[in-house]
Every structure is written in structure tokens, then in C-alpha cells.
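*Asks:*
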Amino acid sequence: MNLNLESMFSVRDKTLLFTGGGGILASHIARALGEGGAKVILTDIVPLDALVEEFRREGIMVEGYTMNVLQRDNVEEVVSKVLEKFGRIDALLNAAGGNVREAITSPEVSFFDLPVEALERVVDLNLFGGAIIPSQVVARYMIRQEEGGSIINFSSMAALRPLTRVVGYSAAKAAVSNFTQWLAVYIAREFTPKVRVNALAPGFFVTKQNYALLYREDGTLTPRGEAVLAHTPCGRFGVPEDLVSTVLWLLSPASSFVTGVVVPVDGGFNAFSGV
Ligand SMILES: NC(=O)c1ccc[n+]([C@@H]2O[C@H](COP(=O)([O-])OP(=O)(O)OC[C@H]3O[C@@H](n4cnc5c(N)ncnc54)[C@H](O)[C@@H]3O)[C@@H](O)[C@H]2O)c1
């Protein structure tokens with residue numbers, strides 16, 4: 002056996018397209034993979050100029066595009082531009098997504114009064130924009146590439162263990178995990194096993210979306226924050242860097258026999274019954 006571990010885990014010169022590329026998790030992952038020699042394409046609805054500038058200063062090959070994942074025409078347009086410039090897309094990282102405040106239950110608003118429109122919005126963002134639409138557009142090109150490609154969806158611990166209060170997000174992420182398996186099987190059987198589809202299920206990473214749920218204004222943990230840590234055997238919240246090695250594995254030739262999996266990166270949260 003003569004395995005070259007370095008080339009097995011390499012993303013050098015690979016073209017990686019991130020949706021939600023301006024977000025916390027995607028931007029950290031993109032920076033790490035860019036430092037490893039990947040060409041990084043960031044797309045988002047928020048301005049990316051400052052981030053792109055920062056990456057360039059660090060010597061990372063990067064381009065930024067405004068792209069709304071909920072608008073298929075817009076996704077088609079940006080993907081065409083990327084293909085024109087780079088000739089290929091080796092990986093699609095579907096990191097656009099997030100919660101919708103109005104789709105969360107509270108002491109004031111029970112599940113029975115949640116606006117259906119808010120529930121639709123959170124499913125739209127995470128399932129359609131966060132996984133289905135960009136996969137439809139990009140995978141069509143990937144299946145024609147000799148070397149294939151890799152799609153990584155961003156599911157959540159909420160998909161595996163529905164979290165109290167966040168009903169719409171939990172349902173949407175469960176659908177993302179299910180779609181990941183469906184698309185993996187569809188592409189491998191109908192087209193090519195060289196295009197693989199997997200997902201991450203991050204545990205609790207402190208970001209601007211969930212900060213107020215986990216911390217009080219004075220910086221101490223909320224009861225929810227305390228409950229999360231008490232159920233996380235590793236005893237801490239995740240940091241974006243914790244996701245990099247799993248993403249690298251799922252993108253690289255090292256995982257060529259891995260498709261249709263949802264990998265928890267959660268400090269053991271999913272394994273722990275609480276007893
Ligand atoms: N942070 C966590 O603890 C955690 C845990 C599990 C899963 N996730 C998932 O990981 C992904 C990234 O999360 P994050 O914490 O980095 O969040 P984030 O809010 O920092 O990043 C999400 C990005 O998506 C972008 N976005 C929103 N709507 C969009 C649209 N219509 N089109 C294009 N881009 C759009 C936002 O502008 C933002 O930059 C999300 O899918 C999130 O649900 C996060």
C-alpha cells in the first residue's frame with residue numbers, strides 16, 4: 002500500500018464555490034482552504050468587498066459575487082460567470098441559511114400562533130436556497146466534469162435532535178439532511194459516482210444568529226446556553242475552525258467512497274442522552 006496522504010487530502014487548485022460566503026462559518030472555512038491552495042469563490046447577498054480584499058492581502062486566490070440563493074435566475078447567472086472565468090467548479094458549499102426570528106416559539110407566541118409565512122420563509126431559505134436551488138444549477142455542470150465534484154450542505158444538530166423553540170429551522174434542516182441523501186443516490190445512480198453529496202451537522206457554534214439565545218447581555222450564559230454545554234461532552238461551544246478538517250475530508254479524494262452522509266461536528270452532543 003502506497004497512499005500519499007498529502008495529495009489524498011489536498012484542495013490545491015480546486016475551485017470551491019461558497020453560498021453564504023460572507024457568513025461566519027463559510028468565511029472561516031474558505032480562508033483555511035484558500036490558505037491550502039484552493040481557489041475560493043464567495044457568494045452572498047451581503048457585501049463581500051472587504052472580505053475579498055482581506056483574503057487577497059493574505060495571498061488567497063478569491064473572487065466575490067453578489068448572489069441570492071432564493072433566485073434561480075440569479076444563481077444561473079453567477080454560476081455561468083464563474084464557469085467562464087474558472088472553467089470548472091470542483092465543490093459547492095451550501096452555507097447560506099439560518100434561522101428566522103418569527104418562526105421561533107416563545108412565552109408570548111405559541112406554536113399555534115406562529116405565522117405560516119415565517120415558517121415558509123425559514124424552509125425556503127434553508128431547504129430551497131440553502132440546498133436545492135444551487136445544487137440544481139451547479140450539479141448539472143459537475144456531472145460533466147471528468148473529475149466529478151463534491152457538494153456539501155449545511156444541516157444542523159437541530160435536524161438530528163429537534164431543538165425546543167426553533168420549530169421551522171429544525172424541520173428545514175431535517176429536510177436538508179434528507180435531501181442530501183436523496184441527491185447523493187440520484188446523482189451516483191443516474192449520472193456518476195464521482196459527484197458526491199454530503200452534509201455537515203454542526204453542533205453549537207456561537208454566531209450572531211444564536212448569540213442572544215446562548216448569552217445574556219452581561220456575557221453570562223442563559224439557561225439555554227448552560228443546558229447546551231451540560232449536554233456537550235466536550236464541554237465547550239464549537240469554533241468555526243472545528244469544521245475545517247471535516248470539510249477538507251469531504252472535499253478531497255480521501256472521501257471518494259463517501260456519499261450521502263451527514264457528519265455531526267458537535268462535541269458529542271448527539272451521542273449524549275443527558276444521563
Ligand atoms: N452557527 C451555528 O451554530 C450553526 C449550527 C448548525 C448549522 N449552521 C448552519 O451553517 C450555515 C452557516 O451558518 P453561520 O453560522 O455561518 O451563519 P451566518 O449568518 O454567519 O451565515 C449565513 C450567510 O448566509 C447569507 N444568506 C442569507 N440569506 C441568503 C440568501 N437568500 N442568498 C444568499 N446568501 C444568503 C447571509 O448573508 C450570511 O452571510 C447556515 O446554514 C446555518 O444554518 C450554523
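Each residue of the sequence shown is one higher than the last, beginning at 2 in the working numbering.
Where is the CB? At the ideal position from N, CA and C, for every residue including glycine.
1) Would you kindly work out how many angstroms separate the C-alpha atoms of V263 and A202, rounded to a whole number?
2) Using the rule of at least 16 other Cβ atoms within 10 Å of the residue's Cβ for burial, across every protein chain shown, is K174 buried or exposed?
3) Are there 16 or more other CB atoms within 10 angstroms of the CB of V123, so buried, or fewer, so exposed?
4) Can you grab the Cα-Cα spacing for the pair L222 / L215, in whole Å?
5) Nearest to L6 by alpha carbon, out of L249, L126 and P265?
6) For T223, which beta-bridge partners are listed by DSSP?
7) Note down, one range per segment and in chain order, each beta strand (DSSP E) of at least 3 residues found wholly within the segment 193 to 218.
8) Taking the straight line between their C-alpha atoms, what separation do you get for Y66 and S274?
9) Quick one: what's got a C-beta closer than 7 Å to E103's C-beta in the same chain, skipping five residues either side?
10) Nearest by alpha-carbon distance to M68: which of L49, E55 and E59 is it?
11) Is the segment 19 to 36 in contact with the segment 90 to 105, if contact means three or more CB pairs nearer than 8 Å?
12) What is the rounded straight-line gap between the Cα of G38 and the Cα of S107?
13) Run through DSSP, which three-state label would P254 get?
14) With a CB to CB cut of under 8 Å and the five nearest residues on each side skipped, what residues in its chain are close to T193?
15) When you compare the CB positions of M62 and V41, do they come within less than 8 Å of one another, or not?
16) So S11 and S253 are in contact, right, with Cβ under 8 Å, and what is the actual spacing, rounded?
17) Should G261 and N211 be called a contact, given that it needs their Cβ atoms to be closer than 8 Å?
18) Is it buried or exposed, D91, if we count other Cβ atoms within 10 angstroms and call 16 or more buried?
19) Helix, strand or coil for N179 per DSSP?
20) Between which two residues does the beta strand (DSSP E) harbouring A40 extend?
21) Below 7 Å, is the gap between the Cβ of L222 and the nearest heavy atom of ligand 1?
22) Round the Cβ separation of V177 and G131 to the nearest angstrom and send it over; I've been treating them as touching at under 8 Å.
*Replies:* Walking through what the data contain:
1) Position 262 of the sequence shown, counting from 1, holds the residue named residue 263. Position 201 of the sequence shown, counting from 1, holds the residue named residue 202. Taking the straight line from one Cα to the other gives about 6 Å.
2) If you number the sequence shown from 1, residue 174 lands on position 173. So K174 counts as buried.
3) Here the question's residue 123 lines up with position 122 in the sequence shown. When all chains shown are included, V123 counts as buried.
4) As a first step, residue 222 must be located in the sequence shown, where it is residue number 221. As a first step, residue 215 must be located in the sequence shown, where it is residue number 214. Cα to Cα, L222 sits roughly 6 Å from L215.
5) The residue labelled residue 6 in the question sits at position 5 within the sequence shown. Measuring from the Cα of L6, the nearest candidate turns out to be L249.
6) Taking the first residue of the sequence shown as 1, we reach residue 223 at position 222. BP columns for T223 are empty, so no partner.
7) 196 to 203
8) By one-based count along the sequence shown, residue 66 stands at place 65. By one-based count along the sequence shown, residue 274 stands at place 273. So the alpha carbons of these two residues sit roughly 43 Å apart.
9) Translated into positions along the sequence shown, residue 103 becomes position 102. Excluding residues within five positions, the ones whose Cβ falls inside 7 Å are P116 and A119.
10) Taking the first residue of the sequence shown as 1, we reach residue 68 at position 67. For M68, the closest C-alpha among the options L49, E55 and E59 is that of L49.
11) yes
12) Numbered from its first residue, the sequence shown carries residue 38 at position 37. Numbered from its first residue, the sequence shown carries residue 107 at position 106. If I take the Cα positions, the gap works out to 45 Å.
13) Along the sequence shown, read from residue 1 onward, the residue named residue 254 stands at position 253. In the structure shown, P254 sits in a helix (DSSP, three-state: H, G or I).
14) Within the sequence shown, residue 193 is the residue found at index 192, counting from 1. Around T193: I144 and G149.
15) If you number the sequence shown from 1, residue 62 lands on position 61. If you number the sequence shown from 1, residue 41 lands on position 40. Yes. Within cutoff.
16) Position 10 of the sequence shown, counted from the first residue, corresponds to residue 11. Position 252 of the sequence shown, counted from the first residue, corresponds to residue 253. With 8 Å as the limit, S11 and S253 qualify as a contact, their Cβ atoms being about 6 Å apart.
17) To locate residue 261, count along the sequence shown from 1; it is residue 260. To locate residue 211, count along the sequence shown from 1; it is residue 210. Cβ atoms of G261 and N211: not closer than 8 Å.
18) Position 90 of the sequence shown, counting from 1, holds the residue named residue 91. Its Cβ being crowded by 16 or more others within 10 Å, D91 is buried.
19) Here residue 179 corresponds to residue number 178 of the sequence shown, with the count starting at 1. Residue state, collapsed to three classes: helix.
20) Position 39 of the sequence shown, counted from the start, is the residue given in the question as residue 40. Ala is not the amino acid found at residue 40; the sequence shown has Lys there. From DSSP, the beta strand (DSSP E) with K40 extends over K40 to D45.
21) The residue you call residue 222 lines up with position 221 of the sequence shown. False, no ligand heavy atom lies under 7 Å from that Cβ.
22) For the purposes of this step, residue 177 is taken as residue 176 along the sequence shown, with counting starting at 1. For the purposes of this step, residue 131 is taken as residue 130 along the sequence shown, with counting starting at 1. So it is a contact: roughly 6 Å between Cβ atoms.
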